[in-house]
Each structure stands twice: as structure tokens, then as C-alpha cells.
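Numbering (this note's numbering), first residue to last: 254 to 592.
Don't be surprised by glycine CBs; every beta carbon is placed ideally from N, CA and C.
Every value quoted in this text rests on a predicted model; they were computed, and no experiment measured them.
Structure, as C-alpha cells:
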Amino acid sequence: MPELRKDPVVGRWVIIATERARRPGNIVDSSENTFNGGGSHCPFCHNKEKVIYTAKNDKHPDWSVLVVPSGAPTLKPQSHSSRTGHGLYDVINGYGAHEVIIETPEHIANMADLDVEQIQQVLNTYVVRINDLKKDPNLQYALSYKNHGWGAGGRRIGHSRSQIVATPVNPLRVKEKLIGAKKYFDYHERCVYCDLINQEKEFKKRIIFETEHFIAMTPFAARFLFEIWVLPKKHDCDFSEGVVGFEEDLARILKDLLLKIKIGLNDPAYNYVIHSAPFRREHDKKLQWKTIHEDYHWHMEIMPRLTRVAGFEKGTGFYICPVPPENMAEFLREVEIYG
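Below, the structure written as C-alpha cells:
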């Protein structure tokens, strides 16, 4: 029988439709997820664009991680941010930032194939760039994310990279999470994500694995097949502050999860996003999120692209997941990655 489940943070309902389930290991046709070669054909192997930031290490003394402006920016820096009204319609000019994080000088397609040290340096780069973008008073939010593979919005360039987009407003999906967390805190005087971690550790069946500082799990109301959440055990609302000192642990858990996805699910396309607090500024008299340090909890979401969103989902806002999250977690736990 299908089952409806409600997300405890944003109140979104999903349908767990087990009649649609297929054997998890046989669900993916990754033929679309092919990449071209490196060398002169890859714009990221020998990038000639304006460099925003460079990270180096002993293995790669010239550059280990490189940050450049996006060649097709969603938003871009301008002389100023302006807002105008046209009757009931609001318009803001396309002020913002869109940066590409080239994660390695080697032509490697999947972050799963980078070593832990390299992934750690990528995470460190996110922190550096977010903290720099916070200095712009016209920006309110920054999203760090990855599109891996053709089906996830990536191009057929087999060079591991991710992106940061900073916006002059708080995105609606982010607001939904912030408002949901605040409502829970106002009623319970506790963080909903901390309570979620404690309940999942007691239930156990949706946990994939955990480290000293992080827990990886399939969410109770999963929207997508093999959707994974990674949450820090230590409460903090801001990724760029809360991850400091724990980057190696997060890099290790991220590599292991991406390897499980690659090996167990036949290397599908995937997205990941890091949900963090908006930029908070002490001088902002209209500070909306006064309890955000207590009520919100940064986290990462990894979403393999194994099913397509169709008319019902678009028309209702319901997501349909064909496998119970408990079964997804069990399957991923059993995937051997270090043979």
C-alpha cells in the first residue's frame, strides 16, 4: 500500500509508492552520464579565465582548487543592486555572484574519486568564498552545490567541479526550512534537526553510517530515490562557521557516500546542496531570524537523479518515492566501497 509521509521541518508531504519499486541495484541507466576527455577539450584543465581564489597543497603546488567566475552566470556583480516596482510586480536587477570551484587540476569526473585531502580542500574553499561573499552588504544568501552528470544539470565535461551562487534575496525554499525550524523551536524550545538526529539514532534503520561529528541518513519523508542527508552532530546554523575544524571528517563521510552511490547505483547523475543560514548582519535593524542560532541547523542534501518529476509532482508539490527510506538506507549500508 502507498503511504504518505510528512516532512517534520517544512510540512511537505511525500508519497512512498512501493508498488513502483524496482530492485534498487537495477534502477539506473547511466548511459546518458558520459563525459568527454581532458586536455585541450576541457576548459577546466587549463583555465585561462580571471581567477578569484587559488588553493594549493604539496601534491599540486601550482593550484589544487581554483575558483573562477561562471562562464554562464545566473547572477553577476554589478555597480549596485536596484529594486523597482511595476504595479504588483517586483524586479531586482541581476546582482549577485556565480562562481565555479574547479576541484582538482586532474581530469577526474567524479568527486568520489578524489582523495579525502582534496575533498577537504574543496570544503575549505567553500568556507573561504562564502566568508568573502558575506562582506557584500547587498547579498543575503549563498548556496554551495554540485551538479554531477548530464541528468543533474551538469555538462558533459568530465572534470569535477561545484558552484556557489550568492543572491540578493533569500530563496523561497530556504525560507521554508527557516520558517519550519523556527516554528518548531517556538513551540518546543529545541532545534528540530537536533531532535531528528536523536530520534534517528534511536530508530537506527534510516542511518547509513555516522562518524564522530556527522551522521548520514535517508530522511523519513524522502523526496527522491536514495536521497541522503548529512547533518553535523554539533548544533550550528552556519556551515561556514560550524564546519571549521571538522572539514576532514565531513570530507571522509562525503567521499564514502559518493562512492556508495557510484558503486551501488551504477554511477548516476546527482546533485548535492549545502543548506546554511542566510547572511546575518548586526547592523540590520530588520533582522528576521533572531533565534536562528538556536533553531536552525546547517546540513547537506545529496540527491541522485534516478527518477523524473512528472505532471502530478509539478501540479501538487507532492514527491513520489518508489522505495521506503528504510530500504534505501539498508541497501547503501551493504554497498562495499573498499573491497
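Please confirm whether residue i and residue j have their CB atoms less than 8 Å apart.
i: Val-262; j: Cys-574; result: no
i: Phe-499; j: His-466; result: yes
i: Ile-355; j: Arg-414; result: yes
i: Cys-490; j: Ile-410; result: no
i: Leu-431; j: Trp-542; result: yes
i: Phe-532; j: Lys-435; result: no
i: Ile-460; j: Leu-484; result: no
i: Gln-416; j: His-351; result: yes
i: Ile-527; j: Lys-486; result: no
i: Met-364; j: Ala-475; result: no
i: Val-353; j: Val-304; result: no
i: Thr-464; j: Ile-514; result: no
i: Pro-578; j: Pro-472; result: yes
i: Phe-462; j: Arg-586; result: yes
i: Gly-568; j: Arg-265; result: no
i: Val-588; j: Ile-516; result: yes
So, for residue i: in the same chain, excluding its five sequence neighbours on each side, which residues have a beta-carbon less than 6 Å away from its beta-carbon?
i: Tyr-437; result: Val-445
i: Thr-420; result: Gly-349, Tyr-394
i: Ser-317; result: Ala-308, Lys-309, Asn-310, Gln-374
i: Val-380; result: Ser-493
i: Glu-501; result: Gln-373
i: Lys-508; result: Val-369, Ile-372
i: Gly-347; result: Leu-328
i: Val-418; result: Thr-327, His-351, Leu-396
i: Glu-256; result: Ile-269
i: Ser-323; result: His-351, Val-353
Return the first residue and the last residue of the alpha helix (DSSP H) that residue i is part of.
i: Thr-378; result: 369-386
i: Gly-338; result: Unbroken run through Gly-338 is the beta strand (DSSP E), 336-339; no alpha helix (DSSP H).
i: Met-581; result: 578-587
i: Arg-426; result: 425-441
i: Leu-510; result: 500-517
i: Gln-452; result: 445-456
i: Glu-272; result: Glu-272 -> no alpha helix (DSSP H), and no H or E assigned at all.
i: Phe-462; result: It is not in any alpha helix (DSSP H) - Phe-462 instead sits in the beta strand (DSSP E) that spans 460-463.
i: Ser-493; result: 492-495
Would you mind reading off the limits of the beta strand (DSSP E) that contains residue i?
i: Phe-467; result: 467-470
i: Asp-343; result: 342-345
i: Ile-481; result: 481-485
i: Lys-259; result: 256-259
i: Lys-543; result: Per DSSP, Lys-543 belongs to no beta strand (DSSP E) and is neither H nor E.
i: Glu-566; result: It is not in any beta strand (DSSP E) - Glu-566 instead sits in the alpha helix (DSSP H) that spans 564-569.
i: Arg-414; result: 414-420
i: Tyr-591; result: From DSSP, Tyr-591 is part of no beta strand (DSSP E); its letter is neither H nor E.
Using the beta-carbon count (16 or more within 10 Å), is residue i buried or exposed?
i: Met-470; result: buried
i: Leu-511; result: buried
i: Ser-493; result: buried
i: Tyr-591; result: exposed
i: Ser-335; result: exposed
i: Gly-404; result: buried
i: Pro-314; result: exposed
i: Leu-392; result: buried
i: Met-254; result: exposed
i: Asn-524; result: buried
i: His-412; result: buried
i: Lys-399; result: buried
i: Val-496; result: buried
i: Val-576; result: buried
i: Phe-297; result: buried
i: Glu-453; result: buried
i: Pro-358; result: buried
i: Tyr-549; result: buried
i: Gly-433; result: buried
i: Leu-341; result: exposed
i: Ala-325; result: exposed
i: Thr-378; result: buried
Between residue i and the rest of its own chain, which residues show a CB-CB distance below 7 Å, the 5 nearest in sequence each way excluded?
i: Ala-504; result: Val-369, Ile-372, Gln-373, Leu-376
i: Arg-382; result: Tyr-306, Val-320, Glu-352, Ile-417
i: His-488; result: Cys-444, Cys-447, His-550
i: Glu-566; result: Tyr-572, Ile-573
i: Cys-252; result: Absent from the model: residue 252. The displayed extent of the chain is 254 to 592, so no value can be given.
Just checking: is the beta-carbon of residue i within a distance shorter than 8 Å of some beta-carbon in chain B?
i: Glu-356; result: Considering every chain present, this structure includes no chain B. It has just one protein chain.
I'd like the list of long-range same chain contacts for residue i, defined as Cβ closer than 8 Å, with 5 residues on each side in sequence excluded.
i: Val-422; result: Ile-345, Gln-393, Tyr-394
i: Lys-458; result: Glu-579, Ala-582, Glu-583
i: Gln-331; result: Asn-346, Gly-347, Tyr-348
Residue ranges of each beta strand (DSSP E) run of no fewer than 3 residues wholly in the region 302-338, ordered along the chain? Runs of the beta strand (DSSP E) inside the region 302-338: 306-308, 318-322.
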